[in-house]
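>
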Amino acid sequence: MTTEDSIVAAVADAVRTREPLLIEGNGTKACMLRPVQAARSLSTSGLSGINLYAPKELIISAWAGTPLPEIEAALAEGGQHLIAEPPDLSGLLGSTGKPQTFGGIVATNLSGPRRVAWGAMRDHVMGVRAVTGRAEIIRSGGRVLKNVTGLDLCKLLTGSHGTLGVITEITLKVLPAPEATGTLVLPGLDAAAGVGVLSAALGSPYGVSGAAWLPAEAVGRVAGLAGVAGSATLIRIEEFAPSVAYRIGRLHDQFGVAGSVVLDTAASRSVWKDVGDVRPLVAAAEDAVWRVSVRPSAGAGVLDALRPLGVTGFLDWGGGLVWLAGPANTVTHTAVEAAATAAGGTWTLVRAPDALRGAVRVVPEEAAPLARITRQVKAAMDPAGVLNPGRMYAGL
Amino acid sequence: MIRQPDPKPDVMVRRDSIVAGLRKLLPETGLIAEPLRLKPYETDGLSAYRQVPLAVALPETTEQVAAVLRFCHQNGVRVVPRGAGTSLSGGALPMADAVVVGMMRMNQILDIDYPDRCAVVQAGVTNIGITNAVSADGFFYAPDPSSQLACMIGGNVNMNSGGAHCLKYGVTANNLLGLKIVTIDGEIIDIGGAYLDAAGYDWLGLLTGSEGMLAIVTEVTVRILRGPEGARAMLAAFKSNEIAGACVDSIISSGIIPVALEFMDRPAIHACEAFAHAGYPLDAEAMLIIEVEGSVEEQDRLLEQLSAICRNFDPISLKISQSAEESLAIWKGRKGAFGAVGRISPDYLCMDGTIPTSQLPHVLRRIQEMSDSYGLKVANIFHAGDGNLHPLIMFDANNPSSFHAAEEFGADILKLCVEVGGCLTGEHGVGVEKRDLMPVQFRPHELTQQRDIKSAFDPDWLLNPSKVFPLLDSETAVLPRAA
Ligand SMILES: Cc1cc2nc3c(=O)[nH]c(=O)nc-3n(C[C@H](O)[C@H](O)[C@H](O)COP(=O)(O)OP(=O)(O)OC[C@H]3O[C@@H](n4cnc5c(N)ncnc54)[C@H](O)[C@@H]3O)c2cc1C
Ligand SMILES: Cc1cc2nc3c(=O)[nH]c(=O)nc-3n(C[C@H](O)[C@H](O)[C@H](O)COP(=O)(O)OP(=O)(O)OC[C@H]3O[C@@H](n4cnc5c(N)ncnc54)[C@H](O)[C@@H]3O)c2cc1C
Chain R
748 MTTEDSIVAA VADAVRTREP LLIEGNGTKA CMLRPVQAAR SLSTSGLSGI
798 NLYAPKELII SAWAGTPLPE IEAALAEGGQ HLIAEPPDLS GLLGSTGKPQ
848 TFGGIVATNL SGPRRVAWGA MRDHVMGVRA VTGRAEIIRS GGRVLKNVTG
898 LDLCKLLTGS HGTLGVITEI TLKVLPAPEA TGTLVLPGLD AAAGVGVLSA
948 ALGSPYGVSG AAWLPAEAVG RVAGLAGVAG SATLIRIEEF APSVAYRIGR
998 LHDQFGVAGS VVLDTAASRS VWKDVGDVRP LVAAAEDAVW RVSVRPSAGA
1048 GVLDALRPLG VTGFLDWGGG LVWLAGPANT VTHTAVEAAA TAAGGTWTLV
1098 RAPDALRGAV RVVPEEAAPL ARITRQVKAA MDPAGVLNPG RMYAGL
Chain W
2 MIRQPDPKPD VMVRRDSIVA GLRKLLPETG LIAEPLRLKP YETDGLSAYR
52 QVPLAVALPE TTEQVAAVLR FCHQNGVRVV PRGAGTSLSG GALPMADAVV
102 VGMMRMNQIL DIDYPDRCAV VQAGVTNIGI TNAVSADGFF YAPDPSSQLA
152 CMIGGNVNMN SGGAHCLKYG VTANNLLGLK IVTIDGEIID IGGAYLDAAG
202 YDWLGLLTGS EGMLAIVTEV TVRILRGPEG ARAMLAAFKS NEIAGACVDS
252 IISSGIIPVA LEFMDRPAIH ACEAFAHAGY PLDAEAMLII EVEGSVEEQD
302 RLLEQLSAIC RNFDPISLKI SQSAEESLAI WKGRKGAFGA VGRISPDYLC
352 MDGTIPTSQL PHVLRRIQEM SDSYGLKVAN IFHAGDGNLH PLIMFDANNP
402 SSFHAAEEFG ADILKLCVEV GGCLTGEHGV GVEKRDLMPV QFRPHELTQQ
452 RDIKSAFDPD WLLNPSKVFP LLDSETAVLP RAA
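Protein sequences, first through last, are from chains R and W. Counting in this note's numbering, the first sequence runs from 748 upward without gaps. Counting in this note's numbering, the second sequence runs from 2 upward without gaps.
(1) I'd like the span of the beta strand (DSSP E) that includes Val183 (chain W), first residue to last.
(2) What residues in the region 889 to 901 of chain R have a beta carbon less than 9 Å from any beta carbon of chain W?
(3) Would you kindly report the start and end of the unbroken alpha helix (DSSP H) that includes Thr764 (chain R)?
(4) Among R:Val991, R:Ala882 and R:Gly1065, which residue has its Cα nearest to the Cα of Ala759 (chain R)?
(5) List the DSSP bridge partners of Trp1064 (chain R).
(6) In terms of alpha-carbon separation, which member of R:His999, R:His1080 and R:Thr750 lies closest to Ile914 (chain R)?
(7) Can you tell me whether DSSP reads Arg482 (chain W) as helix, strand or coil?
(8) With DSSP as the reference, label Gln65 (chain W) as helix, strand or coil.
(9) Report the residue from W:Leu472, W:Phe470, W:Phe458 and W:Trp462 whose alpha carbon sits nearest the alpha carbon of Ile182 (chain W).
(10) Could you tell me which residues DSSP puts in a beta bridge with Arg886 (chain R)?
(11) Run the proximity test for Arg83 (chain W): is its beta-carbon closer than 6 Å to any non-hydrogen atom belonging to ligand 1?
(12) By the 10 Å Cβ neighbour count, where 16 or more other Cβ atoms means buried, how is Asp835 (chain R) classified, buried or exposed?
(13) Is the CB of Asn1135 (chain R) under 7 Å away from at least one CB in chain W?
(14) Give me the Cα-Cα distance between Gln847 (chain R) and Gly1023 (chain R), rounded to the nearest whole angstrom.
(15) Return the Cβ separation of Asp899 (chain R) and Leu207 (chain W) in integer angstroms, given the expectation that the two are a contact with Cβ distance under 8 Å.
(16) How many angstroms separate the CA atom of Ala484 (chain W) from the CA atom of Ala958 (chain R)?
(17) If you measure from the beta carbon of Thr918 (chain R) to each beta carbon in chain W, is any gap under 7 Å?
(18) With 16 as the cutoff for other CB atoms within 10 Å, does Val14 (chain W) come out buried or exposed?
(19) Evaluate the contact criterion for the region 925 to 932 of chain R versus the region 986 to 996 of chain R: three or more CB pairs, one atom per stretch, below 8 Å.
(20) Are Met395 (chain W) and Tyr349 (chain W) touching if we call contact CB-CB under 7 Å?
(21) At a CB distance below 7 Å, what residues from the region 349 to 371 of chain W approach chain R? Give them in sequence order.
(22) In its own chain, which residues sit with a C-beta less than 8 Å from the C-beta of Leu177 (chain W), not counting the 5 before and 5 after it?
(23) Distance, Cα to Cα, Arg482 (chain W) vs Met160 (chain W)?
(24) Pop quiz: Lys920 (chain R) and Met873 (chain R) are said to be a contact at Cβ under 8 Å. What is the actual Cβ separation, rounded to whole angstroms?
(25) Between the C-alpha atoms of Glu476 (chain W) and Pro6 (chain W), what's the straight-line distance to the nearest angstrom?
(26) Regarding Met352 (chain W) and ligand 1, is the C-beta to nearest heavy atom distance less than 6 Å?
(27) My output table needs one value for Glu43 (chain W): the three-state DSSP class, helix, strand or coil.
(28) Can you list, in chain order, the residues of its chain with a C-beta nearer than 6 Å to that of Asn1135 (chain R)? Leave out the 5 residues immediately preceding and following it.
(29) Assuming Leu1028 (chain R) and Leu839 (chain R) form a contact by the criterion Cβ under 8 Å, report the distance between their Cβ atoms to the nearest whole angstrom.
(30) Run through DSSP, which three-state label would Val1124 (chain R) get?
(31) Residues in its own chain within less than 7 Å of Gly1142 (chain R) by CB, not counting five upstream and five downstream?
(32) Report buried or exposed for Val297 (chain W), applying the criterion of at least 16 other Cβ atoms within 10 angstroms of its Cβ.
(33) Please check the pair Pro1043 (chain R) and Asp117 (chain W), which I expect to be a contact at CB under 8 Å, by giving their CB distance rounded to whole angstroms.
(34) Residues in its own chain within less than 8 Å of Pro814 (chain R) by CB, not counting five upstream and five downstream?
(35) Does any heavy atom of ligand 1 sit closer than 6 Å to the C-beta of Val1009 (chain R)?
Printed below as a string of structure tokens:
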């Protein structure tokens, strides 16, 4: 069995022998970012279990190796849910046959469609315990919902891809799951028109919690959208049932087009699960996959710019999140980077053959003064460089 | 009593040349060095502590901030960033050998982008200034600290400030997209931007709440939100703190998350009613203000459900606001709580811990016991949904032992918060006020790890160096409380 102490011992040993570690949960996202050059691996998967679930205090605390589905099931029993709606990317990244872990989803800060209204995983991490590269257990935050005591290492560790510390325990804010969900589906709008509607809907007083645009080829991959012809612009409301009916009605009045459809709770949940899990993306097995985040009004332009290169994609987060798939070569990669940068946004190479992801930047290069801070913070947390070396940046 | 690091002798002797050097970098009226004009900068919202700084710089551009920091860095001069100076934890308290960099002249709104629901503003724009700029179009900036008329967004970012509506909308950290910062060596860096979730480390998250220790923030990209169709408040009064606490639990369990869920105890109710004449029930031991949003029908439905829950707890009274005016009156008492307590006792300390909400009755009982034993009155205001407790400890500033007792009482409350599973500060920050209590919450190596992160940004510890962490050096001066 893995304990926090055994993780401390493993890191201490890695420091002593100068043999870096590949940090894993169940390895479901091992192919994200750059390949880690490490002879040994350290998995948290044996460190599993829910330590505290206080529904009335909107808090759940669990070991990092706890399978995410186990956490989702416990919350569902309490009528609650994970606010950021973290995706299951096994359709994209390949399945290891094992579920993703709580620690893995926090270490990668992956959030789903609800992020646009309710924040990312990093917004709800209230506390962490982690083993640093100094083989010390540190805590940041706690088990309460408001906490500004000291520097916020919860946020620093969330999304750090195991390069600053081995996260051992996470305390997360949760919320009541909505009673009902409804989705307004508008067929046939092109990307720019779709994003225009999504912006207006997100700027309405109705509390839209999902806003995506799928091109026709993506619509065909979503079972819950069978029968929708052409592209689909999706607008979601999650609320008490009467409010869903009322708000979807108002949105329909304002934005409805010929052929508009309203999905009920069950159909909505299935469609948004697919959107979050990136099922609509048309990606051949050998294709690379990128995730670009830009200001929503720039999302359609990114799609347009890359289409001539054989890159396909769809839009979530009101147009701001662009999922892309295309040929896994440096030319395409450079074009994606250029398109995201020209749109003033950020990007991540989510999936690619080792040859490509080992050879190119997988996240944007930081300006020199920030890159210096990055090196110094890495050195402060992991002076011997034993935690996931090279995962985010070459040589770090 | 607050210990300050000794002023650096080499800086103090070079005062004139430092002032002259800084003057060259700033607009004509951008540097203050005359003792009388420095006086207004000697303190912040924790007014018990005062220290006139070496000088005050008032830059108007990011480039001027960079020039000032580069100069201070080259000359080994400490820097204390300052917004509106409303910090309640002494976060902006100057040091004798430090240059205060005041951000009030950087008060421009640079861009408002409704389709993308964000705005770019300079750090010296007030919190309410952002909402005012977008409210005509139905939008608002969500975090609403009670000090929102005065406090500035740069200060909000550095304190990760909250407000009465953060139960639904989150605190400052949850409403930011990007920052422009200047590091101590004068480098200008853009963090994030008008998009979500920048790849790489979460610098935005780390800088938020860093209390001016890592960098100076000059521009902020915030999320702006469309307001709801409407909002309405209700009041529920109960016979004991325990009962009101149980009612809060029951509300959360029902699946309804109100936009605001505020708790006041008997002394707070009395103080606020005397001040605001909001119709608060004076026979109650505890009172909840609950606010919901939506269309009129949605408000009606939610308020009816909430009333039904409250009725299970034998309320003394329930009052659903029937109009915007009544809602305003209900809030007027709560928002004026500090002023109200100030009328009963001109001097009070506003504490700010967080506790697991289930611990509320226990914690309020213990606070009452402490109040009796210290002989100091206390009124409690509580963001009940998220466990953030604000005890207002009343004392007599003309009596040094009364102040000393109030500080000890406050420290005991914060230790209690940690003991029951909470933390030292929910939204006001550590500053100098809670600096020496940090070891109650963190183990030594955890503090060292946080210090190392500060050193990564500011190796020479020039940026707000005496805040947040207990001083390590023994050669410290004691800054006496000013009369
Ligand atoms: C009556 C009253 C009510 C309050 N109510 C609330 C409340 O409801 N919720 C809440 O959270 N707080 C509240 N506060 C506390 C205070 O208003 C907040 O902490 C606020 O964010 C401080 O903003 P400021 O502009 O006054 O910053 P200052 O007090 O000037 O500075 C605060 C800290 O930030 C640093 N800083 C300021 N600007 C910058 C910058 N541009 N770059 C880098 N560092 C900077 C300073 O060095 C200091 O450490 C209240 C205070 C008062 C007096
Ligand atoms: C690593 C480090 C950690 C610090 N931690 C804190 C803190 O937690 N709280 C706080 O208020 N201030 C801290 N400081 C700042 C420092 O303690 C104060 O600013 C103090 O007054 C230093 O005075 P000085 O600059 O005149 O010392 P100098 O004369 O410049 O320093 C003398 C020597 O001691 C070293 N030194 C000084 N202070 C420290 C220290 N605290 N830890 C390790 N080495 C030191 C310096 O690197 C230098 O080599 C820290 C500084 C450093 C470098």
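Cβ coordinates follow ideal geometry from the N, Cα and C atoms, glycine included. Remember, it's a predicted structure, so these values are computed and weren't measured experimentally.
According to the structure shown:
(1) Leu177 to Val183
(2) Gly889, Arg890, Val891, Leu892, Lys893, Asn894, Val895, Thr896, Gly897, Leu898, Asp899, Leu900 and Cys901
(3) Glu751 to Thr764
(4) R:Ala882
(5) According to DSSP, Trp1064 (chain R) bridges with nothing at all.
(6) R:Thr750
(7) Any reading at Arg482 (chain W) is ruled out, since the residue's pLDDT is 43, under 50, leaving its predicted position unreliable.
(8) helix
(9) W:Phe458
(10) R:Arg876
(11) yes
(12) buried
(13) no
(14) 15 Å
(15) 6 Å
(16) Residue confidence is low: Ala484 (chain W) scores 34 on pLDDT, short of 50, so the model does not pin down where it sits. No coordinate-derived value is stated.
(17) no
(18) exposed
(19) yes
(20) yes
(21) Thr355, Ile356, Pro357, Thr358 and Ser359
(22) Val158, Gly193, Leu205, Thr209, Val221, Thr222, Val223 and Arg224
(23) In this predicted model, Arg482 (chain W) has a pLDDT of only 43, less than 50, meaning its place in the structure is not dependable; the value taken from the coordinates is given anyway. One C-alpha to the other measures close to 24 Å.
(24) 5 Å
(25) Note that Glu476 (chain W) has pLDDT 47, beneath the 50 cutoff, so the model's placement of it is unreliable and the number below is only indicative. Glu476 (chain W) and Pro6 (chain W): Cα-Cα distance of roughly 7 Å.
(26) no
(27) coil
(28) Ile770, Val783, Gly909 and Thr910
(29) 7 Å
(30) helix
(31) none
(32) exposed
(33) 5 Å
(34) Asn773, Ser795, Lys845, Pro846, Gln847, Thr848 and Phe849
(35) no
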